[in-house]
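Residues in the sequence shown are numbered from 173 upward in steps of one, following the numbering used here. Where is the CB? At the ideal position from N, CA and C, for every residue including glycine.
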Amino acid sequence: MIEAGQETGRPSSLHGTLSVMNTLRYIVACLLILGISGYALPSASAQQVTETREVDPFTELHIKIPGDVELSQGSEQSVEIVARSQEVMDALDVRVRSNRLVIDGDFDDSGLLDRLFGGGMDSDDLIFRITMTDISALQIDGTGDIIGRTPISTDDLEITVNGTGDVELNVSATTIETRVSGTGDVELSGEADEHDVSISGTGDVEAQDLKTKRTSASISGTGDCVVHATERLDARVSGLGDVQYIGSPAEIETSTSGLGSVEPYND
C-alpha cells in the first residue's frame, strides 16, 4: 500500500522509456529523409558532365531515350550533351546511320524505386544541344522534348512523335508532315505551302500559327488539331478528336465517321 507523499518511481521510468523511444524514432526518420533525398535529389552541379560529340553529317534526328533536345539551325553542325553523371554519359549510343543521328542508350527505367536510388531515368537527366545545317526529319520515341531555339528553314520536314515527348518549332518550309501516334503534342508556327497532319494517338497538334496554303488533317485517335489554311483544307475524322481551322480556306472538304468534328477555330 502506498502512503500519501510516497513516490513509486514508475512515472519517471515510464517517462524515460517514452523519451528514448521518441528520440530513436526521430533519428530513424531523419536518416530515412536524408538517405532518400541524398539519392533522389543528387547535386546536379557536382555530378553534371558535358561532352561534345564529333559525328558524320546528318539531316535527320531520332531520339529513342528520355532527354530534352535544344535544336538550332546554323552554318556548322554540332552535338553537345549534358548528362547528370559520367555513368549516364558512358551509357549513351550516339551515331549517324544513313544520314540520321540516332541517340540511344542502355538505361534502366523500371520505376519509382529505381529512380529514387539512382537506377531510373527521366528527361531532366539528359540535355542535347544540337545544331544542324539542314533539317529534314525529327522523330521522338521517348519522353523528352524537342524545342527549337532558332527558326528552321527547309524544303521538306517530317515530324514524328511516337512517345510522350513534345515538339515546339518555328518553321519555314515547302511541305511539312506531322505524325502523332503517341501522347506527345506538336506546336508549330511559321509558314509552309503544305501541311499534312495525321493523329492516331492521343497527342494534339497546335498549328494555328503555322500559316499554310493547303492543309490535310486526318484523325483516327483521340487527339485534336488546330490548323491554318488559306486555300484548301481536307479534313477526315474517324476517331474522337476534333479538327479546328482558321484562315478561311476557299475550298473545304470534310469527312467524319467518328464522334469528332470539323469546325472553325474558336479561341
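For GLU330, I'd like the list of residues in its chain whose CB is within less than 6 Å of its CB, leaving aside the five on either flank, ordered along the chain. The residue given as residue 330 occupies position 158 in the sequence shown. Excluding positions up to five away in sequence, the list reads ALA309, GLU349.
Identify which residue in ARG272, ASP376, ALA407 has its Cα closest to the Cα of PRO424. Translated into the one-based positions of the sequence shown, residue 424 becomes position 252. Here the sequence assigns Ile to residue 424, which means Pro is not the residue at that position. With distances taken between Cα atoms, ILE424 lies closest to ALA407.
First and last residue of the uninterrupted alpha helix (DSSP H) at GLN258: For the purposes of this step, residue 258 is taken as residue 86 along the sequence shown, with counting starting at 1. Counting along the chain, the alpha helix (DSSP H) containing GLN258 begins and ends at 258-262.
As assigned by DSSP and simplified to three states, the class of ASP439: Here residue 439 corresponds to residue number 267 of the sequence shown, with the count starting at 1. If DSSP states are grouped into helix, strand and coil, ASP439 belongs with coil.
6 Å CB neighbourhood of ASP228 in its chain, flanking five on each side removed: Mapped onto the sequence shown, residue 228 falls at position 56. The answer, listed in chain order, is VAL268.
Judging by CA-CA distance, which residue of GLY362, ASN271, GLN380 is the nearest neighbour of HIS234? On the sequence shown, residue 234 is found 62 positions in, with the first residue counted as 1. Selected option, being the one with the closest Cα: ASN271.
With DSSP as the reference, identify every bridge partner of LEU341, one or two as the case may be. Reading the sequence shown from its first residue, position 169 is the one you call residue 341. Beta-bridge pairing links LEU341 to LEU360.
ASP439: buried (16+ other C-beta within 10 angstroms of its C-beta) or exposed? Along the sequence shown, one-based indexing puts residue 439 at 267. Exposed is the call here.
For ASP278, which residues from the same chain have a beta carbon less than 7 Å from its beta carbon, with the 5 sequence-adjacent residues on both sides left out? One-based indexing of the sequence shown puts residue 278 at position 106. The answer, listed in chain order, is ALA263.
When you compare only the Cα positions, how much space is there between LYS236 and GLY335? Translated into the one-based positions of the sequence shown, residue 236 becomes position 64. Translated into the one-based positions of the sequence shown, residue 335 becomes position 163. Taking the straight line joining both Cα atoms gives about 9 Å.
Got a sec? Which residues, its chain only, sit under 6 Å from SER429 by beta carbon, not counting five neighbours each side? By one-based count along the sequence shown, residue 429 stands at place 257. So the list reads SER410, once near-sequence residues are dropped.
Residue burial classification, ILE322 (beta-carbon count within 10 angstroms, cutoff 16): Working through the sequence shown from its first residue, we reach residue 322 at position 150. Checking the displayed sequence, the identity of residue 322 turns out to be Thr instead of Ile. So THR322 ends up on the exposed side.
Measuring alpha carbon to alpha carbon, tell me which of ASP276, ASP297, SER247 ends up nearest VAL254. Counting from 1 along the sequence shown, the entry for residue 254 is found at position 82. The shortest C-alpha separation from VAL254 is found at ASP297.
Starting from the Cα of ASP365, find the closest Cα among LEU382, GLY354, SER372, THR355 and give me that residue. Here residue 365 is taken as the residue at index 193 of the sequence shown, counted from 1. Per the Cα distances, LEU382.
Bridge partners for ALA407 per DSSP, in chain order? Along the sequence shown, read from residue 1 onward, the residue named residue 407 stands at position 235. Note: ALA407 sits in a beta bridge opposite ALA389, THR426.
In its own chain, which residues sit with a C-beta less than 7 Å from the C-beta of ASP376, not counting the 5 before and 5 after it? Counting from 1 along the sequence shown, the entry for residue 376 is found at position 204. Excluding sequence neighbours, ASP376 sits near ASP357, GLY395, ASP396, CYS397.
Quick one, which of ARG351, GLU226, ASP265 has its alpha-carbon nearest PRO238's? In the sequence shown, the residue the question calls residue 238 occupies position 66. When only C-alpha atoms are compared, the closest one is ASP265.
GLN220, enclosing beta strand (DSSP E) - first and last residue: The sequence position of residue 220 within the sequence shown is 48, counting from 1. Here GLN220 belongs to no beta strand (DSSP E), and DSSP marks it neither H nor E.
Name the two residues that bound the continuous beta strand (DSSP E) containing GLU232. In the sequence shown, counting from the first residue as 1, residue 232 sits at position 60. Unbroken beta strand (DSSP E) run through GLU232: 232-235.
How should GLY393 be labelled, buried or exposed, when 16 other C-beta atoms within 10 angstroms of its C-beta is the threshold for buried? Residue numbering aside, residue 393 sits at position 221 when the sequence shown is read from its first letter. Its Cβ being crowded by 16 or more others within 10 Å, GLY393 is buried.
Just mark ALA401 as buried or exposed, buried being the case when its beta carbon has 16 or more other beta carbons within 10 Å. Translated into positions along the sequence shown, residue 401 becomes position 229. Counting Cβ neighbours within 10 Å, ALA401 comes out buried, since at least 16 surround it.
With DSSP as the reference, identify every bridge partner of GLN245, one or two as the case may be. For the purposes of this step, residue 245 is taken as the residue at position 73 of the sequence shown. In DSSP, GLN245 forms a bridge with MET304.
If you follow the beta strand (DSSP E) that ARG272 is part of, which residue opens it and which one closes it? Taking the first residue of the sequence shown as position 1, residue 272 is located at position 100. Per DSSP, ARG272 belongs to the beta strand (DSSP E) from 272-277.
Could you have a look at ASP328 and say whether DSSP puts it in helix, strand or coil? Position 156 of the sequence shown holds residue 328. In the structure shown, ASP328 sits in a strand (DSSP, three-state: E or B).
Could you compute how far the alpha carbon of LEU213 sits from the alpha carbon of ARG256? For this step, residue 213 is matched to residue 41 along the sequence shown. For this step, residue 256 is matched to residue 84 along the sequence shown. Residue confidence is low: LEU213 scores 38 on pLDDT, short of 50, so the model does not pin down where it sits. No coordinate-derived value is stated.
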